[in-house]
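Peer 1: I have a structure I would like to understand better, so I am pasting it below and will then ask my questions one at a time.
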Amino acid sequence: MAEAVNGNGWTRYNAIAAILGAGGAMMFAIFTLWATANTAASVAHDLKDQVRILEGQVAADRIEIAGLKYTQIEADTQLRASIDEANKSLAWNMRIESMLWTKAGLPHLPTDNSTYPNIANGQSR
């Protein structure tokens with residue numbers, strides 16, 4: 000059987016096969032590119048949804064943190080007020096004891112090492 004040969008020495012069927020092979024490779028590359036782009040678009044859409052959800056959670060957490068800070072400030076304020084009252088009472092009692100000590104004719108009452116406790120952390124101010 001005689002084969003048709005083009006001017007380059009290739010047979011007609013080899014030329015058709017080469018063209019179809021190149022076209023097939025192009026179609027495969029286009030399909031791969033389309034599939035990759037489609038997957039990337041899907042992942043981007045999923046990430047946008049996740050970001051939206053996380054933004055909502057962050058907003059809710061910020062509201063909760065603000066409430067906790069307010070509660071901490073209130074508790075710290077009340078604790079400081081209680082400590083201040085206790086310290087004033089302690090100071091008053093030490094003055095009275097010092098006066099009674101002096102009236103009893105005893106030497107000076109050693110109150111130099113007296114401290115007024117403060118257990119409030121002061122971070123809320």
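So that you can map any letter, position 19 of the sequence shown is 18 in numbering that gives the first Met the number 0, and since no number is skipped, the others follow by simple counting. Ideal placement from N, C-alpha and C gives every residue a C-beta, glycine not left out.
Closer than 8 Å by C-beta to L48: which residues in its own chain qualify, once you throw out the five before and the five after it? Chain order, please.
Peer 2: Per the sequence shown, residue 48 should be read as Asp rather than Leu. Cβ within range, chain order: n/a, list empty.
Peer 1: Return the CA-CA distance between S88 and A80, expressed in angstroms with no decimal places.
Peer 2: 12 Å
Peer 1: Got a sec? Which residues, its chain only, sit under 6 Å from S123 by beta carbon, not counting five neighbours each side?
Peer 2: Note that S123 has pLDDT 47, beneath the 50 cutoff, so the model's placement of it is unreliable and no number is given.
Peer 1: Can you grab the Cα-Cα spacing for the pair R51 / A24, in whole Å?
Peer 2: 40 Å
Peer 1: Going by Cα to Cα distance, which pick from A85, I15, L108 is closest to R94?
Peer 2: It is L108.
Peer 1: Work out the CA separation of Q56 and I18 for me, nearest whole Å.
Peer 2: 57 Å
Peer 1: Would you kindly work out how many angstroms separate the C-alpha atoms of L32 and A40, rounded to a whole number?
Peer 2: 12 Å
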